[in-house]
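First the structure, in the form of C-alpha cells, and then the observations on it.
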Amino acid sequence: MAITDYLVTDDLTIILGLVGAGLFLLHNLYKPQSLVHPILLGRQSDVARVRNAGESALYRNYGTGMLGRFPARPNKEQQVLLDLVKPESDTPRTLWSTKITNPQLRQRVAALGAGLTVAAALEPEESNVLLLLDDGIEFLITDLALASYSIPSFTLSSLKLLSPVLENHSPSAIVVSAHFLPQLLELIHDSDEIVHHTIIVVGDVDVKKDQRSFGAIKVLKWSDIERQGAQKPVEPRTPGSTDVFTVSFFPSASEKLSAVSLTHENLTAGVASARALLPLSGAISPLDTIVSSHSLSTPYGRAVAYTAIFEGTNFTTLKSSSLFSSDIAADLGDLKSADSYPIPSPTIIFGKPSHLVALSSAILTEAKKSHILYMFAWRHKLSGILDGYITKQSLWDRLVFDSARAKVMGKGAGTVRAVVVSGGPLEATAVTPARIALSTPLVNTYIHPAVAGPIFASHPLDLQTFPSVPPVPSAFAAENYSFTYDSPVGPPTVNIESKLLGVNDAAIENGSDPVGALLVRGPPVGKLLDLDEPEKEEDGGWVNTGDRARVLTNGTFKIASKLASKQ
3 MAITDYLVTD DLTIILGLVG AGLFLLHNLY KPQSLVHPIL LGRQSDVARV
53 RNAGESALYR NYGTGMLGRF PARPNKEQQV LLDLVKPESD TPRTLWSTKI
103 TNPQLRQRVA ALGAGLTVAA ALEPEESNVL LLLDDGIEFL ITDLALASYS
153 IPSFTLSSLK LLSPVLENHS PSAIVVSAHF LPQLLELIHD SDEIVHHTII
203 VVGDVDVKKD QRSFGAIKVL KWSDIERQGA QKPVEPRTPG STDVFTVSFF
253 PSASEKLSAV SLTHENLTAG VASARALLPL SGAISPLDTI VSSHSLSTPY
303 GRAVAYTAIF EGTNFTTLKS SSLFSSDIAA DLGDLKSADS YPIPSPTIIF
353 GKPSHLVALS SAILTEAKKS HILYMFAWRH KLSGILDGYI TKQSLWDRLV
403 FDSARAKVMG KGAGTVRAVV VSGGPLEATA VTPARIALST PLVNTYIHPA
453 VAGPIFASHP LDLQTFPSVP PVPSAFAAEN YSFTYDSPVG PPTVNIESKL
503 LGVNDAAIEN GSDPVGALLV RGPPVGKLLD LDEPEKEEDG GWVNTGDRAR
553 VLTNGTFKIA SKLASKQ
C-alpha cells in the first residue's frame with residue numbers, strides 16, 4: 003500500500019480537524035489571565051538576610067522593604083485623631099442612622115468636649131472616662147471629644163471586665179447607655195466607690211425625678227452636656243501625636259484583665275494599614291458603604307471606623323458588635339442587621355469568619371437547589387480561580403449565581419465588592435467556596451487586641467490554594483497539645499515588622515518553614531500594661547501576641563490553632 007493511501011481523508015475528517023483546532027485556539031486565546039502576576043505572589047514579604055539563634059529572620063511587607071519607613075498616618079496632615087475628620091470635606095454621609103457632614107461632626111465634637119470640661123468638670127490630662135456605649139454616633143462624638151481635649155478614655159472589649167475595672171481602675175466619669183444604667187448603679191453601690199463617680203447618660207433618663215435613687219452619684223445627660231458646651235465654647239488643648247488617648251481593656255489568654263494604651267499615632271497608623279488592605283485600583287472612596295462587625299471598643303474596630311471617617315464613606319456596625327449583647331451569633335441574620343439602618347447598600351464588609359461561611363454556604367445552597375447547571379457553573383468558576391482569575395460578570399454568574407446572591411444578600415448582592423475577614427481562624431476549606439459564591443476580592447487578616455489595625459493581611463487577589471499542614475506537636479514536652487494551621491493570613495501589613503521566637507534552627511537551615519511564637523512591632527502596636535505571660539512587652543518595642551505562627555516560602559503567615567491533648 004502506498005503512503006499516499008494513508009493520507010486520504012474525507013470531508014468529515016477535515017471538518018472535525020478544523021473544529022478541534024478551533025476549539026484549541028479558543029481555549030488558549032480566551033483563557034482568562036491571572037489577575038496578579040505569579041512573581042508578585044511568590045515573594046510577599048521582605049526578609050532580613052541575618053537572624054539570631056532561636057529566632058526567625060525579620061519580616062516586613064515587600065512593598066515597604068527592610069529599609070523603608072513605616073507609614074504612621076494616612077497623610078502627613080493627620081497627626082491626631084480629630085485630623086481624620088477632614089474639615090474641607092463637606093459632603094454629607096450617613097453614620098449609623100445620622101446623616102452628617104464633617105464640619106457638622108467637628109462642631110458637635112467641640113460642643114461636647116467643652117461641655118465635658120464645664121458641666122462635668124473633667125480636667126484635661128488628669129481625668130479619665132469609661133465608655134460603656136454601643137457603637138453609634140454618640141460613641142464616635144464622645145471618643146473624638148475626649149481625645150481632642152486630652153482626656154483619656156477607657157474601653158472594654160467585654161462587659162465581663164466591668165467589675166475588675168471599677169474595682170482596680172476607677173474612672174473619673176462613666177458615659178453609659180440609658181438601658182444599662184440600672185445595672186451600672188448596682189455595680190457601683192457594691193464596689194463602695196459611689197462618691198468617685200460622675201455618670202453621663204446617653205438616652206432618655208429623668209435625672210430630677212430619679213435623683214434619690216442615684217444617691218451621692220452625680221448623673222448628667224449627654225445631650226445636656228453637648229448643649230451647654232455649644233453655649234460656652236472652651237478652647238481645647240492641642241494633643242501631641244504620641245499622647246495616650248485611650249486605654250483598652252481585654253481578657254488575656256488566661257482570662258485575666260489586660261490592657262493596652264494607645265496613642266494618637268497608634269490609631270492613625272492603624273487607619274493607614276487598613277486603607278492598604280485593598281489595591282489602589284479598588285481603593286476605598288466616598289462612594290463606598292462600609293459595614294463592620296468589630297466594636298469601636300476594640301482598637302481594630304476603632305481603626306475600621308476611623309478609616310470610614312477619613313475616607314468619607316457611609317458606615318455602620320452589626321448587632322454582634324454590641325458591648326451589651328455578647329450572645330448575638332455572627333451569622334447571616336447578623337449581616338442582615340445592617341439593613342435596619344438608613345444607609346446605602348454595603349460595598350465593603352469587615353466581617354468575621356463565621357459571617358463569611360454563613361453567607362457563602364447560603365448562596366451555594368440556594369444556587370444548587372434552584373439551577374440544574376450548578377455543577378457546570380461550579381467547575382468553570384473553580385477553573386478560573388485555579389488560573390488566578392475571578393469575576394462576577396461571567397456567563398455562569400448571570401445564569402446561576404446572581405439570582406442566588408440576590409435571594410440571600412438582598413440589595414447588597416450587586417454592590418458588595420470586597421470582604422475583609424478578621425477576628426478568628428478561617429479554615430482553608432472555606433476559602434474556595436467563598437470565592438466561588440461571592441466572586442469578590444477576599445482579604446483574610448490577623449488582628450490582636452494590642453494593635454490598632456491588621457497585623458497580617460492576604461492579598462485580595464491572591465487566589466492560590468495550599469495543601470493542609472498536618473498538626474505539629476508542641477516544642478515543649480510539658481504541653482500536652484499540638485497545633486494546626488488555618489488559611490494563610492498573608493504577609494505583614496505596610497507598617498508591621500514581625501519575627502518568630504523559639505524556632506528550630508536546624509530545621510530552618512535544612513529548608514523547613516520557620517515555626518515559633520509570634521512577636522510584632524510597628525506604629526500601630528500599642529503599649530501593653532500589667533500583663534501576664536506570654537503577652538508582655540519585649541525589648542525593642544516587640545510585643546508577644548501569645549500566638550504561634552508558621553511562615554511559608556512566599557512570605558505569607560499561617561496562625562496556629564491549638565488542638566486537643568496529645569495523650
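For any residue, its number in my numbering is found by taking its place in the sequence shown, counting from 1, and adding 2. Beta carbons are placed, not taken as given, at the ideal position from N, Cα and C, and that holds for glycine. All values reported here derive from a predicted model rather than from experimental measurement.
Practice task
For residue 101, count neighbouring Cβ atoms within 10 angstroms of its own Cβ and tell me buried if that reaches 16, exposed if not.
Solution key: Numbered from its first residue, the sequence shown carries residue 101 at position 99. If you draw a 10 Å sphere on the C-beta of residue 101, you find fewer than 16 other C-beta atoms in it, and that means exposed.
Problem - Limits of the alpha helix (DSSP H) - the one that residue 370 falls within - result: Locating residue 370 in the sequence shown gives position 368, counting from the first residue. 355 to 372 is the span of the alpha helix (DSSP H), which, as asked, contains residue 370.
Exercise for the section: Quick one: using the 10 Å Cβ neighbour count with 16 as the cut-off for buried, is residue 95 buried or exposed? Expected result: Numbered from its first residue, the sequence shown carries residue 95 at position 93. Classification of residue 95: buried, given that the 10 Å Cβ count is 16 or more.
Problem - Where residue 312 falls: helix, strand or coil (DSSP) - result: The residue given as residue 312 occupies position 310 in the sequence shown. The three-state secondary structure of residue 312, taken from DSSP, is helix.
Problem - Sub-9 angstroms separation of residue 340 and residue 222 beta-carbons - result: Counted from its first residue, the sequence shown places residue 340 at position 338. Counted from its first residue, the sequence shown places residue 222 at position 220. Contact flag unset, no.
Practice task
Please determine, among 493, 286, 258, 304, the residue with the shortest C-alpha to C-alpha distance to residue 268.
Solution key: Start at 1 with the first residue of the sequence shown, and residue 268 comes out as number 266. Looking at the Cα atoms, 304 is the closest of the given residues.
Handout entry: Pairwise C-alpha distance: residue 258 and residue 456
Key = For the purposes of this step, residue 456 is identified with residue 454 of the sequence shown, where counting begins at 1. For the purposes of this step, residue 258 is identified with residue 256 of the sequence shown, where counting begins at 1. Those two C-alpha atoms are separated by around 24 angstroms.
Handout entry: Run of the beta strand (DSSP E) containing residue 499, from where it starts to where it stops
Key = As a position in the sequence shown, residue 499 is number 497, starting the count at 1. Start and end: 499 to 503.
Practice task
Compare the beta carbon distance of residue 83 and residue 270 with 9 angstroms and say whether it is the shorter of the two.
Solution key: Along the sequence shown, read from residue 1 onward, the residue named residue 83 stands at position 81. Along the sequence shown, read from residue 1 onward, the residue named residue 270 stands at position 268. In this structure, residue 83 places its C-beta atom within 9 angstroms of the C-beta atom of residue 270.
Practice task
Compare the beta carbon distance of residue 366 and residue 438 with 9 angstroms and say whether it is the shorter of the two.
Solution key: Here residue 366 refers to the residue found at position 364 of the sequence shown. Here residue 438 refers to the residue found at position 436 of the sequence shown. With contacts defined as CB atoms closer than 9 angstroms, residue 366 and residue 438 qualify as a contacting pair.
Problem - Inter-stretch contact at 8 angstroms, needing at least 3 Cβ pairs: the stretch 318 to 338 / the stretch 126 to 144 - result: The stretch 318 to 338 is in contact with the stretch 126 to 144.
Exercise for the section: Compare the C-alpha of residue 525 against each of 43, 72, 20 and name the closest. Expected result: The sequence position of residue 525 within the sequence shown is 523, counting from 1. Minimum Cα-Cα distance from residue 525 among the listed residues 43, 72, 20 corresponds to 72.
Exercise for the section: For residue 292, count neighbouring C-beta atoms within 10 Å of its own C-beta (all shown protein chains included) and say buried if the count is 16 or more, exposed if not. Expected result: Locating residue 292 in the sequence shown gives position 290, where the first residue counts as 1. Taking every protein chain shown into account, the CB of residue 292 has 16 or more other CB atoms within 10 angstroms, so this residue is buried.
Problem - Collapsed DSSP secondary structure at residue 317 in the structure displayed - result: Position 315 of the sequence shown, counted from the first residue, corresponds to residue 317. Strand, per DSSP.
Handout entry: 9 angstroms Cβ cutoff met for residue 116 and residue 234
Key = For the purposes of this step, residue 116 is taken as residue 114 along the sequence shown, with counting starting at 1. For the purposes of this step, residue 234 is taken as residue 232 along the sequence shown, with counting starting at 1. Yes, they are a contact pair.
Exercise for the section: Run the CB neighbour count on residue 16, radius 10 Å, all protein chains shown included, and call it buried at 16 or more, exposed below. Expected result: Indexing the sequence shown from 1 puts residue 16 at position 14. It is exposed - the Cβ of residue 16 has fewer than 16 other Cβ atoms within 10 Å.
Problem - DSSP-derived helix/strand/coil call for residue 16 - result: Stepping through the sequence shown from its first residue, residue 16 is reached at position 14. Helix, per DSSP.
Exercise for the section: Please state if the CB of residue 186 and the CB of residue 176 are separated by a distance shorter than 9 angstroms. Expected result: By 1-based counting over the sequence shown, the position of residue 176 is 174. By 1-based counting over the sequence shown, the position of residue 186 is 184. Result yes, Cβ atoms of residue 176 and residue 186 sit closer than 9 angstroms.
Problem - Nearest-angstrom beta carbon gap, residue 295 and residue 251 [assumed within contact, 8 angstroms] - result: Position 249 of the sequence shown holds residue 251. Position 293 of the sequence shown holds residue 295. The Cβ separation is near 20 angstroms, so there is no contact.
Practice task
For residue 508, count neighbouring Cβ atoms within 10 angstroms of its own Cβ and tell me buried if that reaches 16, exposed if not.
Solution key: Here residue 508 is taken as the residue at index 506 of the sequence shown, counted from 1. Result: exposed.
Handout entry: Where residue 40 falls, given that 16 or more other Cβ within 10 Å makes a residue buried
Key = What you label residue 40 is simply residue 38 of the sequence shown in a count that begins at 1. Under a 10 Å Cβ-count criterion, residue 40 is classified as exposed, with fewer than 16 other Cβ atoms of the shown protein chains found around its own Cβ.
Practice task
Just list the alpha helix (DSSP H) runs in the stretch 63 to 128, keeping only unbroken ones of 4 residues or longer that don't cross its boundaries, in chain order.
Solution key: The qualifying runs are 104 to 120.
Practice task
Would you check if the distance between the CB atom of residue 389 and the CB atom of residue 35 is smaller than 9 angstroms?
Solution key: Indexing the sequence shown from 1 puts residue 389 at position 387. Indexing the sequence shown from 1 puts residue 35 at position 33. Cβ distance < 9 angstroms, so residue 389 and residue 35 count as in contact.
Practice task
Would you be able to state if there are at least three C-beta pairs under 8 angstroms between the stretch 410 to 419 and the stretch 446 to 465?
Solution key: Cβ pair count under 8 angstroms is below three, so no.
Practice task
Rank 318, 61, 556 by C-alpha distance to the C-alpha of residue 466 and give the top, closest one.
Solution key: Within the sequence shown, the letter at position 464 stands for residue 466. Here the closest residue by C-alpha is 556.
Practice task
Please report how far the alpha carbon of residue 87 lies from the alpha carbon of residue 377, in whole angstroms.
Solution key: For the purposes of this step, residue 87 is identified with residue 85 of the sequence shown, where counting begins at 1. For the purposes of this step, residue 377 is identified with residue 375 of the sequence shown, where counting begins at 1. Rounded to the nearest whole angstrom, the CA to CA distance from residue 87 to residue 377 is 49 angstroms.
Problem - Unbroken beta strand (DSSP E) run spanning residue 448, endpoints - result: Counting from one through the sequence shown, the residue named residue 448 turns up at place 446. Residue range 444 to 448 is occupied by the beta strand (DSSP E) that includes residue 448.
Handout entry: Three-state class that DSSP yields for residue 34 in the structure shown
Key = Position 32 of the sequence shown, counted from the first residue, corresponds to residue 34. Residue 34: coil per DSSP, three-state reduction.
Problem - Per-residue DSSP class, three states only, for residue 326 - result: In the sequence shown, residue 326 corresponds to position 324, counting from 1. Residue 326 falls in the coil class under three-state DSSP.
Handout entry: Close beta carbons around residue 308, own chain, < 6 angstroms, minus the five adjacent residues each side
Key = Counted from its first residue, the sequence shown places residue 308 at position 306. Take residue 308, set aside five residues on each side of it, and the residues of its chain with a beta-carbon closer than 6 angstroms to its own are 86, 273, in chain order.
Problem - Which listed residue (441, 249, 423, 69) has its alpha carbon closest to that of residue 402 - result: Position 400 of the sequence shown, counting from 1, holds the residue named residue 402. Minimum Cα distance to residue 402 is reached at 441.
Handout entry: For residue 489 and residue 445, the rounded distance between their alpha carbons
Key = For this step, residue 445 is matched to residue 443 along the sequence shown. For this step, residue 489 is matched to residue 487 along the sequence shown. Rounded to whole angstroms, residue 445 to residue 489 spans 11 angstroms at the Cα level.
Problem - 8 angstroms Cβ shell around residue 37 - same chain, five flanking residues per side excluded - result: Working through the sequence shown from its first residue, we reach residue 37 at position 35. The residues are 390, 391, 392, 463, 465.
Practice task
Could you tell me the distance, in whole angstroms, from the CA atom of residue 487 to the CA atom of residue 427?
Solution key: As a first step, residue 487 is located in the sequence shown; it is residue number 485 there, counting from the start. As a first step, residue 427 is located in the sequence shown; it is residue number 425 there, counting from the start. Annotation: residue 487 to residue 427 spans about 9 angstroms, alpha carbon to alpha carbon.
Practice task
Reducing DSSP to helix, strand and coil, say where residue 276 ends up.
Solution key: Indexing the sequence shown from 1 puts residue 276 at position 274. Judged by DSSP in its simplified three-state form, residue 276 adopts helix.
Exercise for the section: Would you kindly work out how many angstroms separate the C-alpha atoms of residue 58 and residue 70, rounded to a whole number? Expected result: As a first step, residue 58 must be located in the sequence shown, where it is residue number 56. As a first step, residue 70 must be located in the sequence shown, where it is residue number 68. The alpha-carbon atoms of residue 58 and residue 70 are separated by roughly 20 angstroms.
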